[in-house]
Amino acid sequence: MTDTTAALHSVRVELDARSYDIRIGASLIQGAGTALAPLTSQPRVFVLTDGTVGGLYAGDLEKSLSAAGLEMRLKAVSPGEGAKSWAILGEVLDWLLSEGAGRDDVLVALGGGIVGDLTGLAASLMKRGMTFVQMPTTLLAQVDSSVGGKTAVNATQGKNLVGAFYQPALVLADTGLLATLPARERLAGYAEIVKYALIDDPAFFDWLEKHGLDVVALKQDALAEAVAISCRAKARIVSQDERESGVRALLNLGHTFGHALEAVNGFQSSLLHGEAVAAGMTLALRYSARLGLMDITDAGRAEALLEKAGLVTQLNRVPGGPYTSSALVEAMKQDKKGRAGKIPLILARGLGKAFILPDADLADVAEFLEGELHRS
């Protein structure tokens, strides 16, 4: 059983006229109507969710909206990565247009990262931009995808290749909603929390070595603290580099390897995004050690932290596949962060010391991956 009380946190994302708040804590859904009312000039709110989340929380949200004098207009898409497609995006836009939605309306994403990405892209396209609000219901979305304005759908060539930078007006991260989250989803979100420690916060890494299992167990004080630290880290980086032309690329630590794993696996549910990132971060740190950039024992500490929580980090044990070094490198070449045929990697000079290697030697990466596939 998890506790249901925790301190409330507020994090500001500073982007001039597009600045917004991230509110973090339990029971925020009960006050959602009051929070959303100032954002719309219409007595209604459009809500996009998926069938699973909608069944759990749409009723609570509707009750809150109704108490604030707002009508809820709801659309649910099918759960899963398949919702991030051209076809579903078209369905969402047709729904909004048929309902008479305008730029002065609010569109709420009630769900995990898939719903958030889809909602944000739809909002950016709807009459060239309508207000949208993130209400993330997974740990991964609360600490990562709901913050920063990256929206996208998938293409056959890869994940998140069609999208836009479009910031929300508000993020309501209700940590109490995570109580219904399956254990795998919880761990997938924890991987993204560890990422922030590995990028530039060794003190947070030390904290996670002591309190990480409390976060995974959804002990609310530790959970809210970890979410707030993660959001502050992302807000700081996004404020410096909104469109990922520089330092924001650090947020992709583990993602180039992780996205390749997902792509080779066909984005199937046997491998969740956060699970792929956990393995990807381990690969990035071990590759950094191979290049002599960091001590292999530090890479081992990070691997141990992830493994202790229950995440798989060793490439030859990652679910899905089968994986080959050649297929993974080919998938890496499709990475959207590539420029002029060059593939950057986020590597590290130690725990909390990530940096951008602008042009990875893919032949050497392939040799490294081959060794990892046969690692005992």
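So the sequence shown is numbered by full-length UniProt numbering: it starts at 1 and just counts up by one. We put the CB at the ideal spot given by N, CA and C, even for glycine.
Note that the region 264-280 does not touch the region 127-135; fewer than 3 beta-carbon pairs, one per stretch, sit closer than 8 Å. Within the same chain, Cβ atoms closer than 8 Å to the Cβ of residue 113 are found at 136, 138, 140, 141, 144, 145, 146, 273, the five residues on either side in sequence being excluded. In the same chain as residue 228, and ignoring 5 residues on each side of it, the C-beta atoms closer than 8 Å to its own belong to 9, 11, 24, in chain order. Judged by beta-carbon spacing, residue 345 lies within the 8 Å limit of residue 360, meaning their Cβ atoms are closer than that value. Here DSSP, grouped into helix, strand and coil, assigns residue 240 to helix.
Rounded to the nearest angstrom, the Cβ distance from residue 348 to residue 284 is 7 Å, consistent with a contact under 8 Å. With 16 or more other CB atoms across the displayed protein chains lying within 10 angstroms of its CB, residue 195 is buried. The beta carbon of residue 169 sits closer than 8 Å to those of 20, 39, 106, 131, 132, 133, all from its chain and outside the five residues before and after it, given in chain order.
Residue 288 sits buried, since 16 or more C-beta atoms from the chains shown fall within 10 Å of its C-beta.
Taking residue 110 as the centre and dropping the five residues before and after it, the same chain places the C-beta of 47, 48, 49, 53, 54, 57, 58, 61, 135, 137 closer than 8 Å to its C-beta, in chain order. With fewer than 16 other beta carbons inside 10 angstroms of its own, residue 34 counts as exposed.
Taking the Cα of residue 164 as reference, the smallest distance to any Cα among 306, 122, 70 is reached at 122. Just so you know, the alpha carbons of residue 257 and residue 119 end up roughly 26 Å apart. A Cβ-Cβ separation of about 25 Å leaves residue 334 out of contact with residue 375 under the 8 Å criterion. Here DSSP, grouped into helix, strand and coil, assigns residue 272 to coil. Inclusion of residue 352 and residue 200 in the CB contact set at 8 Å is warranted, their separation being smaller than that value. In the three-state DSSP reduction, residue 10 falls in the strand class (E or B). The DSSP-derived three-state label of residue 105 is coil.
Within the same chain, Cβ atoms closer than 7 Å to the Cβ of residue 93 are found at 122, 125, 126, the five residues on either side in sequence being excluded. For residue 71, the uninterrupted beta strand (DSSP E) segment begins and ends at 71-77. Here residue 253 is near residue 281, since their CB atoms are less than 8 Å apart. Assignment of residue 332 by DSSP, reduced to helix, strand and coil, places it in the helix class. In the three-state DSSP reduction, residue 282 falls in the helix class (H, G or I). Boundaries for residue 138: no alpha helix (DSSP H) harbours it, and the DSSP string shows neither H nor E there. For residue 323, the three-state secondary structure derived from DSSP is coil.
By the beta-carbon neighbour count (other beta carbons within 10 angstroms, threshold 16), residue 148 is buried. In the DSSP assignment, the residues bridged to residue 46 are 73, 107. Partner residues in the beta bridge of residue 25, as assigned by DSSP, are 174.
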